[in-house]
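Peer 1:
Numbering (the numbering used here), first residue to last: 278 to 616.
#1: Do the stretch 294-305 and the stretch 413-420 make contact, defined as three or more Cβ pairs closer than 8 Å?
#2: Fully enclosed by the stretch 467-498, which alpha helix (DSSP H) runs are 4 residues long or longer?
#3: Return helix, strand or coil for residue 448, following the three-state DSSP convention.
#4: Span of the alpha helix (DSSP H) holding residue 322?
#5: Taking only three categories from DSSP, how would you classify residue 501?
#6: Under three-state DSSP, which class holds residue 333?
#7: How about the stretch 427-442 and the stretch 316-326: do they share at least three Cβ pairs that are nearer than 8 Å?
#8: Assign residue 418 to one of three DSSP states: helix, strand, or coil.
#9: Look at the Cβ atom of residue 321, then the Cβ atom of residue 336, and state whether they are nearer than 8 Å.
#10: Look at the alpha carbon of residue 341 and the alpha carbon of residue 410, and state the distance between them as a whole number of angstroms.
#11: Counting only the same chain and skipping the five closest in sequence on each side, list residues whose C-beta sits under 7 Å from that of residue 347.
#12: My understanding is that residue 556 touches residue 467, with C-beta atoms under 8 Å, so please give their C-beta distance in whole angstroms.
#13: Within its chain, find whatever has a CB closer than 8 Å to the CB of residue 460; leave out the 5 residues flanking it on each side and keep chain order.
#14: Buried or exposed for residue 528, please, with buried defined as at least 16 other CB atoms from any protein chain shown within 10 angstroms of its CB.
#15: Apart from the five residues just before and just after residue 487, which ones in its own chain have a Cβ nearer than 8 Å to its Cβ?
#16: My output table needs one value for residue 260: the three-state DSSP class, helix, strand or coil.
#17: Please confirm whether residue 552 and residue 544 have their CB atoms less than 8 Å apart.
#18: For a test of the three-state rule: what should DSSP assign to residue 388, helix, strand or coil?
#19: Looking only at its chain, what residues have a beta carbon closer than 6 Å to the beta carbon of residue 317, apart from the 5 residues adjacent to it on each side?
#20: Determine the contact status of residue 307 and residue 354, defining contact as a CB-CB distance below 8 Å.
#21: If you drop the 5 nearest sequence neighbours on each side, which residues of the same chain put their C-beta closer than 6 Å to that of residue 414?
#22: At what residues does the alpha helix (DSSP H) containing residue 531 begin and finish?
#23: Judging by CA-CA distance, which residue of 490, 359, 462 and 293 is the nearest neighbour of residue 382?
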């Protein structure tokens, strides 16, 4: 039974990867839409493999939002392909606006972002990682083919602001990570406006950081901030979690600061000062929240609770990556001096 379960899981993972690769290599709108639907239908069984009511609710929410966005996306594609005579009376920018809104919705960005934290809240950590990273690739790449600057700019601004404000007084770690994902998507969309290579670098580094943090939470069986505060976690392990959180927030000199530094430099070259100010302000808010979590966690480090006696020690990969997070700036400086 367990062998069949793992085989099915592996098969759906392969389909998700192949559908994504097919989409980004396709030159047809219909093929892109088909790959998005295959990707959707492959991810839903992974959500249902955790057999409980909450995961089913998340699956229904995710499916409805994605289906509605895909339906509108397909409608615009068909209209542009067939080129009805009556369509010529409309402004040619209208279909692009609708396509942009559909793709932003599928990514969980403003204007329709509410479904994303709700869905993430009831998933396991592995599915949270897939939803917040890999499932964003097809919409983002497709958006790069048809993006309208005013729509993307408004989405970047409001997504970063709303995600930072909603982080205050948030206790659920999965919702916290979903809001962090929305904020990072704002940074990635900013890079997409100018340089796709930097977008790919940012996405790759964000995915690595996200995976390390979420697997740390998964190994520790942590789902809320109260557990970080109250569980009898060794100080070193707790410090590793906080280092990775700081890196995800982009606090220098941690590794997560590097893609943000490159993004800021690129935006400065192109005189996008408004985006820089808003992104930096919202990032500072997120860093402040992470710092508050850290201080609160270490202030009550000796507190004990009877219900929190079980703890799974993190593997060595988490420790290694945390060290790289901490000392990457020193390592790069030494390598530069040696050359």
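Idealized CB from N, CA, C, for every residue including glycine.
Peer 2: Quick answer:
#1: yes
#2: 473-497
#3: Here residue 448 corresponds to residue number 171 of the chain shown, with the count starting at 1. Coil.
#4: Position 45 of the chain shown, counted from the start, is the residue given in the question as residue 322. Element bounds for residue 322: 306-325.
#5: Here residue 501 corresponds to residue number 224 of the chain shown, with the count starting at 1. In the structure shown, residue 501 sits in a strand (DSSP, three-state: E or B).
#6: As a position in the chain shown, residue 333 is number 56, starting the count at 1. Helix at residue 333.
#7: no
#8: As a working note, residue 418 is residue 141 in the chain shown. Correct three-state label for residue 418: helix.
#9: Within the chain shown, the letter at position 44 stands for residue 321. Within the chain shown, the letter at position 59 stands for residue 336. Contact: yes.
#10: The count along the chain shown starts at 1 and reaches residue 341 at position 64. The count along the chain shown starts at 1 and reaches residue 410 at position 133. Roughly 20 Å separates the two Cα atoms.
#11: In the chain shown, counting from the first residue as 1, residue 347 sits at position 70. Apart from the 5 residues on each side of it in sequence, residue 347 sits with its Cβ closer than 7 Å to the Cβ of 310, 313 and 314 in its chain, given in chain order.
#12: As a working mapping, residue 556 is identified with position 279 in the chain shown. As a working mapping, residue 467 is identified with position 190 in the chain shown. Rounded, the Cβ-Cβ distance is 7 Å, consistent with contact.
#13: For the purposes of this step, residue 460 is taken as residue 183 along the chain shown, with counting starting at 1. Cβ within range, chain order: 436, 437, 440, 441, 559, 560 and 563.
#14: Position 251 of the chain shown, counting from 1, holds the residue named residue 528. Answer is buried; the Cβ neighbour count reaches 16.
#15: Looking up residue 487 in the chain shown gives position 210. Counting only Cβ-Cβ distances below 8 Å, and skipping sequence neighbours, we find 406, 409, 410, 454, 458 and 525.
#16: Within the shown structure, residues of the chain are numbered from 278 to 616, placing residue 260 beyond reach of any answer.
#17: For the purposes of this step, residue 552 is taken as residue 275 along the chain shown, with counting starting at 1. For the purposes of this step, residue 544 is taken as residue 267 along the chain shown, with counting starting at 1. Taking 8 Å as the Cβ cut-off, residue 552 and residue 544 qualify as a contacting pair.
#18: Taking the first residue of the chain shown as position 1, residue 388 is located at position 111. Residue state, collapsed to three classes: coil.
#19: Here residue 317 corresponds to residue number 40 of the chain shown, with the count starting at 1. Non-local beta-carbon contacts of residue 317 in its own chain, meaning distances under 6 Å to residues more than five positions away in sequence, involve 343 in chain order.
#20: One-based indexing of the chain shown puts residue 307 at position 30. One-based indexing of the chain shown puts residue 354 at position 77. It is a contact, given that the beta carbons lie within the stated cut-off.
#21: In the chain shown, the residue the question calls residue 414 occupies position 137. Answer for residue 414: 297, listed in chain order.
#22: In the chain shown, the residue the question calls residue 531 occupies position 254. No alpha helix (DSSP H) contains residue 531, which DSSP labels as neither H nor E.
#23: Here residue 382 refers to the residue found at position 105 when the chain shown is read from its first residue. Nearest C-alpha to residue 382: 462.
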